[in-house]
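To convert, count from 1 in the sequence shown and add 1; that's our numbering.
C-beta: ideal position from N, C-alpha, C; glycine also.
Nothing here was measured: the structure is a model prediction, and the numbers come from that model.
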Amino acid sequence: MANDQTPVTIERIRHELKRRPLTLLEKEELTPHMLRLTFGGADLADFASPGVDDHVKLIFPVKGEEAPVMREYTPRSYDNDAQRLVLDFAVHEAGPATAWAIAAQPGDELTVGGPRGSQVVSGPQEWLLIGDETALPAIARRIEGLDAGHKVTALIAVPGAADEQGFDTDAEVEIRWIHRPEDEAHLVDPILPALAEVELTEGLYAWIAAEATVARALRNALEERGHPLTRMKAAGYWTRGVADGSDKSIA
Numbered sequence: 002m003a004n005d006q007t008p009v010t011i012e013r014i015r016h017e018l019k020r021r022p023l024t025l026l027e028k029e030e031l032t033p034h035m036l037r038l039t040f041g042g043a044d045l046a047d048f049a050s051p052g053v054d055d056h057v058k059l060i061f062p063v064k065g066e067e068a069p070v071m072r073e074y075t076p077r078s079y080d081n082d083a084q085r086l087v088l089d090f091a092v093h094e095a096g097p098a099t100a101w102a103i104a105a106q107p108g109d110e111l112t113v114g115g116p117r118g119s120q121v122v123s124g125p126q127e128w129l130l131i132g133d134e135t136a137l138p139a140i141a142r143r144i145e146g147l148d149a150g151h152k153v154t155a156l157i158a159v160p161g162a163a164d165e166q167g168f169d170t171d172a173e174v175e176i177r178w179i180h181r182p183e184d185e186a187h188l189v190d191p192i193l194p195a196l197a198e199v200e201l202t203e204g205l206y207a208w209i210a211a212e213a214t215v216a217r218a219l220r221n222a223l224e225e226r227g228h229p230l231t232r233m234k235a236a237g238y239w240t241r242g243v244a245d246g247s248d249k250s251i252a
C-alpha cells in the first residue's frame, strides 16, 4: 500500500428544514433507465446541498391517500442564481416516484423538502466509488467536484452499455461499468470480481451506495481485506421488497 494517508475531514451541516414548491421546466431521457428532470422556483434562491450525497424529500400527492407519499433523491445539480434544481430518476419498478416522473410534463408541480443535513467529506486524494444506478447522481457529483491531482476508481453497476454516462472532471478517473440485468440489482456477485481487482491503498476513501444487502456485502468485503472503517462509508439507497426502504449509514 502507498504511504500517503491524507486525513479525512467530515463536516456535518444542519440546514433549516424547508419545503419548496417547484415547477417542472424540462424533462430529458438521459439513458434508457434514467430520466433527468429540471425544476424551477423562486425558493431555490437559498437552496443548499454542499454534500455530494445529500438527499431531498420529494412529496407526491396520491389519489385515495390522506397523507402524501415521500421519497428521497440526491440532487444532481442546482443553480441558485438561475433558481433551478436537477434531479435524475432511475427508472425501475414503477413506485409512486418513478410513475410520477414517467408521466410528468413541463408545468407540473412538485414539492421538495430539505435537505435536512449534509455530510461533507474532504481530504482524500484517492477515492473508490461503488454504486448502482440509484447512486449515479452522487457519484457524478463527487467525480465532477474533484480537481486535478485526485484519483478516482468507480465501479458502477447498470443494466447495459446504453446506461453508461460521461462525467466532466479534471480528476484522474477510471470507471469500470458492470452490466447486469435490472432484476439482478439486489445481487452483489456481479460487483465482487471487479472490487477484488482494486488496489486498496492506505490513502483511499471508499464510498458505497446500492441495494442495502449489496452495500453491506461490499463494505464487509473491504473490511475483510483490511481497509479501515474510518475510511469508508456505505449506504443502502433502497431495500429489495420494501417501499421507501433505505439505510443511509450501514454499520
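Measure the CB-CB distance between I131 and L196 and report whether it falls below 8 Å.
-> If you number the sequence shown from 1, residue 131 lands on position 130. If you number the sequence shown from 1, residue 196 lands on position 195. It is a contact, given that the beta carbons lie within the stated cut-off.
By how many angstroms is the C-alpha of W101 removed from the C-alpha of M71?
-> Position 70 of the sequence shown, counted from the first residue, corresponds to residue 71. Position 100 of the sequence shown, counted from the first residue, corresponds to residue 101. Here the alpha carbons of W101 and M71 stand approximately 12 Å from one another.
How long is the line joining the alpha carbons of T135 and A162, rounded to whole angstroms?
-> The count along the sequence shown starts at 1 and reaches residue 135 at position 134. The count along the sequence shown starts at 1 and reaches residue 162 at position 161. C-alpha separation (whole angstroms): 16 Å.
In DSSP terms, what S78 is bridged to = Counting from 1 along the sequence shown, the entry for residue 78 is found at position 77. Answer is V87, bridged to S78.
From which residue to which residue does the alpha helix (DSSP H) around T104 run?
-> Residue numbering aside, residue 104 sits at position 103 when the sequence shown is read from its first letter. The question names Thr, but residue 104 in the sequence shown is Ala. Run containing A104: P97 to A104, per the alpha helix (DSSP H) assignment.
Bridge partners of L205, per DSSP?
-> Reading the sequence shown from its first residue, position 204 is the one you call residue 205. Answer by DSSP bridge pairing, in chain order: E127.
E145: first and last residue of the uninterrupted alpha helix (DSSP H) it sits in | Walking along the sequence shown from the start, residue 145 turns up at place 144. E145 -> alpha helix (DSSP H) spans L137 to E145.
Are the beta-carbon atoms belonging to P22 and T112 less than 8 Å from one another?
-> The residue labelled residue 22 in the question sits at position 21 within the sequence shown. The residue labelled residue 112 in the question sits at position 111 within the sequence shown. Against a cut-off of 8 Å, the Cβ pair of T112 and P22 comes out as a contact.
In the structure shown, what three-state DSSP assignment does V199 receive?
-> For the purposes of this step, residue 199 is taken as residue 198 along the sequence shown, with counting starting at 1. Correct three-state label for V199: coil.
Limits of the alpha helix (DSSP H) - the one that A316 falls within = No statement about residue 316 is possible, as the shown extent of the chain runs from 2 to 252 and does not include it.
Which residue or residues does DSSP assign as beta-bridge partners of G52?
-> By 1-based counting over the sequence shown, the position of residue 52 is 51. Paired residues: none, contrary to the question.
List the endpoints of the continuous beta strand (DSSP E) containing A235.
-> To locate residue 235, count along the sequence shown from 1; it is residue 234. Note, A235: beta strand (DSSP E), M233 to W239.
Identified DSSP bridge partners for G114 | Locating residue 114 in the sequence shown gives position 113, counting from the first residue. In the DSSP output, where bridge partners are listed per residue, G114 has R20 and K58.
Can V159 and W128 be called in contact, C-beta distance under 8 Å?
-> Residue 159 sits at position 158 when you count from the first residue of the sequence shown. Residue 128 sits at position 127 when you count from the first residue of the sequence shown. Cβ atoms of V159 and W128: not closer than 8 Å.
Bridge partners - K28, DSSP secondary structure assignment | Locating residue 28 in the sequence shown gives position 27, counting from the first residue. Answer is L38, bridged to K28.
Local Cβ density within 10 Å of E198, reported as buried at 16 or more and exposed below that = Your numbering for residue 198 matches position 197 in the sequence shown. Label assigned to E198: exposed.
Pairwise C-alpha distance: L223 and R20 = One-based indexing of the sequence shown puts residue 20 at position 19. One-based indexing of the sequence shown puts residue 223 at position 222. Approximately 38 Å, taken between the alpha carbons.
Thinking just about the alpha-carbon of each residue, which of E110, L31 and V53 is nearest to the one in K234?
-> Taking the sequence shown and counting its residues from 1, the one referred to as residue 234 is at position 233. Checked all of E110, L31 and V53; the closest Cα to K234 is V53.
Does the Cβ of T75 have 16 or more other Cβ atoms within 10 Å, making it buried, or fewer, making it exposed?
-> Your numbering for residue 75 matches position 74 in the sequence shown. Result: buried.
Below 8 Å on the Cβ atoms is my guess for R77 versus P138; work out the distance and round it to an integer in Å.
-> On the sequence shown, residue 77 is found 76 positions in, with the first residue counted as 1. On the sequence shown, residue 138 is found 137 positions in, with the first residue counted as 1. Right, their Cβ atoms sit about 4 Å apart.
Buried or exposed: which applies to M2, given that a residue is buried once 16 or more other Cβ atoms fall within 10 Å of its Cβ?
-> Translated into positions along the sequence shown, residue 2 becomes position 1. Residue placement at M2 is poorly supported in this model, since its pLDDT is 37, which falls under 50; the coordinates still yield a value, given next. That one is exposed.
With 16 as the cutoff for other CB atoms within 10 Å, does S123 come out buried or exposed?
-> As a working mapping, residue 123 is identified with position 122 in the sequence shown. Exposed.
Three-state secondary structure assigned by DSSP to V122 = Reading the sequence shown from its first residue, position 121 is the one you call residue 122. If DSSP states are grouped into helix, strand and coil, V122 belongs with the strands.
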